[in-house]
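*Asks:* Numbering (our numbering), first residue to last: 9 to 628.
All C-beta atoms in this analysis are idealised placements derived from N, C-alpha and C, irrespective of residue type, glycine included.
First the structure, which I've put down as structure tokens, then a few questions once you've had a look.
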């Protein structure tokens with residue numbers, strides 16, 4: 009057997025699904041290789057999408073023409089907009105998902121994509137000829153040829169799972185590890201390392217006493233991730249909150265001498281911002297309790313995910329500790345939590361397109377790059393799939409700047425700074441987060457997705473209509489005048505200074521005392537209100553008006569830095585010729601091979617004087 013494709017994607021997790029779908033939509037003939045056809049788009053950890061900064065990523069993936077937002081909308085059982093009490097740059101959509109529906113909807117979408125073929129097998133080798141990826145070989149001895157290969161192996165590369173003193177080969181419960189690829193890539197000159205992640209036990213919801221927990225409801229008017237016409241939630245399932253206590257901590261400590269984390273059997277670093285429960289009580293010994301989120305796994309299942317209780321302690325210790333949590337006194341455990349250690353490849357070996365520097369047309373996306381999280385994986389898969397397709401067509405690379413999206417921040421962080429622990433996205437990582445809000449991802453990115461043939465005409469037309477609606481409403485607000493007798497009673501009720509004369513509504517809306525809900529009431533009474541203005545357009549317009557000064561300042565800073573981003577550096581540039589460069593700067597530049605002056609300036613160890621030397625050499 010021998011078949012030929014444009015792009016082969018190895019692994020069908022969140023990165024692999026986005027990569028395969030994007031390349032196929034753009035016109036490539038794609039083969040998606042997975043070890044198990046029944047676990048395509050499996051939510052290996054918690055049944056949820058989005059969250060702080062992660063929700064922004066899902067909306068950006070959707071704006072570009074990806075599928076994660078659409079799949080999330082079709083499978084959500086609860087929706088919440090986080091951080092509503094803070095500024096709009098911090099608002100982050102998050103949904104609780106039906107795990108089975110999410111995976112099924114992804115598989116259905118891929119099967120409906122006529123350019124995607126499937127093969128169930130384990131890839132043992134990437135075929136490399138003359139420095140280029142040209143296909144893969146599988147454990148069955150089948151060889152597939154391709155013009156580009158995208159590796160999205162998740163936690164499966166030489167994966168090992170740990171429960172107490174028990175060690176199993178595998179990348180996920182009941183699924184074997186993938187072997188061969190790491191060893192081959194190391195022989196080709198790639199650097200590899202080990203990382204660790206973990207998951208909590210799953211329990212029987214019928215055995216929990218929810219009356220002893222705090223109920224966490226979804227939003228009264230639930231939102232969505234996708235900018236397309238996906239279904240809105242009409243009913244929601246509640247989540248619940250409870251806490252560990254000293255008795256729980258004492259029980260967990262009885263297993264510390266058998267913990268793979270503390271006995272040194274796990275060498276890889278775990279995610280700093282999602283530590284195991286044993287790590288939390290060890291590192292934060294002064295805290296007498298830790299929050300536990302009790303999350304249903306779907307509409308029609310009793311299985312519950314115990315978020316905040318990730319652990320690799322012996323299963324008996326896990327069970328005994330769980331029973332000391334309020335509401336868990338009679339808990340029945342379906343399966344214990346475990347840790348998984350796996351191979352990754354430091355992402356400083358990648359180009360901004362996620363193509364490897366060592367092998368042409370070989371791309372890495374997802375946890376193989378040292379990241380954690382479905383959303384981080386999805387956006388990398390999308391970008392790798394786009395660029396794999398464009399490489400096969402000899403088209404220009406497609407990248408997103410730090411000032412254009414969280415996706416750009418994530419990839420730039422990875423390739424310039426690398427990571428020694430699983431990388432996850434936060435709003436604090438983005439210096440332009442007021443520009444990069446979840447509400448305007450379509451205005452920022454849909455035109456780009458449309459230009460490369462990924463976002464549909466319908467998406468593009470919808471974005472243009474929204475942009476025009478915002479412009480019309482902004483003009484109407486600028487021209488509207490408000491009389492003191494019409495508004496002073498309301499202003500006084502808000503503790504805001506009354507008007508002495510007729511004033512511009514535009515100026516009035518900038519007052520910090522007037523919040524989003526007030527604005528809707530004021531605008532609804534406007535005689536100049538344009539026709540067909542929906543809530544989304546009103547929200548966008550008000551944000552742009554209220555934060556105009558901040559936005560202008562960020563745009564100015566972004567424009568300054570973008571000048572450096574436009575100064576490209578030849579990938580074969582000989583840094584040894586520049587004798588004035590610092591020793592560390594020269595070594596880092598030679599190893600990381602930045603594609604622009606802007607990227608070079610963000611590399612740890614490259615000093616401002618090194619950047620100045622590069623600019624002088626380039627005649628700038």
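1. State the Cα-Cα distance for the pair residue 156 and residue 580, rounded to the nearest angstrom.
2. Note down the Cα distance separating residue 508 from residue 491, rounded to an integer number of angstroms.
3. Output the distance between the C-alpha atoms of residue 57 and residue 623, rounded to the nearest integer angstrom.
4. Do the region 518 to 526 and the region 494 to 508 touch if we need at least three Cβ pairs shorter than 8 Å?
5. Quick one: complete alpha helix (DSSP H) runs, 4+ long, within the region 103 to 161?
6. Buried or exposed: where does residue 574 fall if 16 or more other Cβ atoms within 10 Å of its Cβ makes it buried?
7. Looking at the structure shown, is residue 94 part of a helix, part of a strand, or coil, going by DSSP?
8. May I ask you to list the residues that DSSP assigns as paired with residue 204?
9. For the candidate residues 498, 36 and 602, whose alpha-carbon lies nearest to that of residue 572?
10. In this structure, how does DSSP classify residue 225 when only helix, strand and coil are distinguished?
11. For the region 580 to 620, which segments carrying the beta strand (DSSP E) assignment without a break, of at least 3 residues, lie completely within its bounds, in sequence order?
12. Please report the residue range of the alpha helix (DSSP H) in which residue 456 lies.
13. Where does the unbroken beta strand (DSSP E) through residue 313 begin, and where does it stop?
14. Is the Cβ-Cβ distance between residue 87 and residue 103 less than 7 Å?
15. Exposed or buried, what is residue 165 when buried is set at 16 or more other beta-carbons lying within 10 Å of its beta-carbon?
16. Considering residue 56, what are the terminal residues of the beta strand (DSSP E) in which it resides?
17. By the three-class DSSP mapping on this structure, what secondary structure does residue 468 have?
18. Which of the three DSSP states, helix, strand or coil, is assigned to residue 359?
19. Round the Cβ separation of residue 322 and residue 197 to the nearest angstrom and send it over; I've been treating them as touching at under 8 Å.
20. Between the C-alpha atoms of residue 353 and residue 118, what's the straight-line distance to the nearest angstrom?
21. Is residue 452 closer than 7 Å to residue 412 when the C-beta atoms are compared?
22. Where DSSP assigns a beta bridge to residue 39, which residues make up the other side?
23. Within this structure, are the beta carbons of residue 66 and residue 83 separated by less than 7 Å?
24. Along the alpha helix (DSSP H) that carries residue 492, what are the first and last residues, could you check?
25. Can you check the region 266 to 329 for any beta strand (DSSP E) of at least 3 residues that lies completely inside it and give the ranges in chain order?
26. Between the Cα of residue 494 and the Cα atoms of 460, 530 and 465, which residue gives the shortest distance?
27. Considering only C-alpha positions, which residue in the set 430, 131 and 252 is nearest to residue 8?
28. Can you tell me whether DSSP reads residue 87 as helix, strand or coil?
29. Run through DSSP, which three-state label would residue 177 get?
30. Once you ignore the five residues that flank residue 445 on each side, which residues in its own chain have a CB closer than 6 Å to its CB?
31. Sort 21, 26, 41 and 20 by Cα distance to residue 13 and report the nearest one.
32. Applying the criterion that 16 or more other CB atoms from any shown protein chain within 10 Å of the CB defines a buried residue, is residue 396 buried or exposed?
33. Which residues share a DSSP beta bridge with residue 511?
34. Using C-beta distances below 6 Å, list every residue in its chain close to residue 344, excluding the 5 sequence neighbours before and after it, in chain order.
35. Check each candidate in 406, 576 and 382 and name the one with the smallest Cα separation from residue 53.
36. Compute the distance between the beta-carbons of residue 299 and residue 278, then report whether it is under 7 Å.
*Replies:* The answer reads as follows:
1. The residue given as residue 156 occupies position 148 in the chain shown. The residue given as residue 580 occupies position 572 in the chain shown. Straight-line Cα distance between these residues: approximately 22 Å.
2. For the purposes of this step, residue 508 is taken as the residue at position 500 of the chain shown. For the purposes of this step, residue 491 is taken as the residue at position 483 of the chain shown. Rounded to the nearest angstrom, the gap between the Cα atoms of residue 508 and residue 491 is 9 Å.
3. Within the chain shown, the letter at position 49 stands for residue 57. Within the chain shown, the letter at position 615 stands for residue 623. For residue 57 and residue 623, the distance between alpha carbons rounds to 43 Å.
4. Yes, they touch.
5. Counting whole runs of 4 or more residues, the region 103 to 161 contains the alpha helix (DSSP H) stretches 107 to 119.
6. For the purposes of this step, residue 574 is identified with residue 566 of the chain shown, where counting begins at 1. So residue 574 ends up on the exposed side.
7. The residue you call residue 94 lines up with position 86 of the chain shown. Here residue 94 sits in coil by DSSP.
8. The residue you call residue 204 lines up with position 196 of the chain shown. Bridge partners of residue 204: 349.
9. By 1-based counting over the chain shown, the position of residue 572 is 564. Nearest option by C-alpha distance: 602.
10. Along the chain shown, read from residue 1 onward, the residue named residue 225 stands at position 217. In the three-state reduction of the DSSP assignment, residue 225 falls in the coil class, being assigned neither a helical nor a strand state.
11. Entirely contained in the region 580 to 620, not one beta strand (DSSP E) run reaches 3 residues.
12. Position 448 of the chain shown, counting from 1, holds the residue named residue 456. It spans 449 to 459 - the alpha helix (DSSP H) in which residue 456 sits, taken as one unbroken run.
13. Numbered from 1 along the chain shown, position 305 holds the residue referred to as residue 313. First-last of the beta strand (DSSP E) with residue 313: 311 to 315.
14. Your numbering for residue 87 matches position 79 in the chain shown. Your numbering for residue 103 matches position 95 in the chain shown. Yes. Within cutoff.
15. Taking the first residue of the chain shown as 1, we reach residue 165 at position 157. Taking all protein chains in view, the Cβ of residue 165 is crowded by 16 or more other Cβ atoms within 10 Å, so the residue is classified as buried.
16. By 1-based counting over the chain shown, the position of residue 56 is 48. Its beta strand (DSSP E) spans residues 56 to 58.
17. As a working mapping, residue 468 is identified with position 460 in the chain shown. In the structure shown, residue 468 sits in a helix (DSSP, three-state: H, G or I).
18. Taking the first residue of the chain shown as position 1, residue 359 is located at position 351. The answer is coil: DSSP assigns residue 359 none of H, G, I, E or B.
19. Looking up residue 322 in the chain shown gives position 314. Looking up residue 197 in the chain shown gives position 189. The beta-carbon distance between residue 322 and residue 197, rounded to whole angstroms, is 41 Å. This is too long to meet the 8 Å contact definition.
20. Taking the first residue of the chain shown as 1, we reach residue 353 at position 345. Taking the first residue of the chain shown as 1, we reach residue 118 at position 110. Cα-Cα distance, rounded: 28 Å.
21. Along the chain shown, one-based indexing puts residue 412 at 404. Along the chain shown, one-based indexing puts residue 452 at 444. With respect to the 7 Å criterion, residue 412 and residue 452 are classified as neighbours on the basis of their beta carbons.
22. Counted from its first residue, the chain shown places residue 39 at position 31. Looking at the DSSP output, residue 39 sits in a beta bridge with 16 and 125.
23. Against the chain shown, residue 66 aligns to sequence position 58. Against the chain shown, residue 83 aligns to sequence position 75. No. Outside cutoff.
24. What you label residue 492 is simply residue 484 of the chain shown in a count that begins at 1. Start and end: 492 to 501.
25. Whole beta strand (DSSP E) segments, 3+ residues: 299 to 304 and 311 to 315.
26. Locating residue 494 in the chain shown gives position 486, where the first residue counts as 1. Nearest option by C-alpha distance: 530.
27. As displayed, the chain neither begins before 9 nor continues past 628, which places residue 8 out of reach and without an answer.
28. Sequence index remark: in the chain shown, residue 87 carries index 79 (1-based). Correct three-state label for residue 87: strand.
29. Locating residue 177 in the chain shown gives position 169, counting from the first residue. It is a strand residue.
30. Position 437 of the chain shown holds residue 445. So the qualifying residues of the chain are 96 and 97.
31. Taking the chain shown and counting its residues from 1, one reaches residue 13 at position 5. Selected option, being the one with the closest Cα: 41.
32. What you label residue 396 is simply residue 388 of the chain shown in a count that begins at 1. Result: buried.
33. As a working note, residue 511 is residue 503 in the chain shown. In DSSP, residue 511 forms a bridge with 490.
34. Taking the chain shown and counting its residues from 1, one reaches residue 344 at position 336. Excluding residues within five positions, the ones whose Cβ falls inside 6 Å are 171, 209, 323 and 326.
35. In the chain shown, the residue the question calls residue 53 occupies position 45. Per the Cα distances, 382.
36. What you label residue 299 is simply residue 291 of the chain shown in a count that begins at 1. What you label residue 278 is simply residue 270 of the chain shown in a count that begins at 1. Taking 7 Å as the Cβ cut-off, residue 299 and residue 278 do not qualify as a contacting pair.
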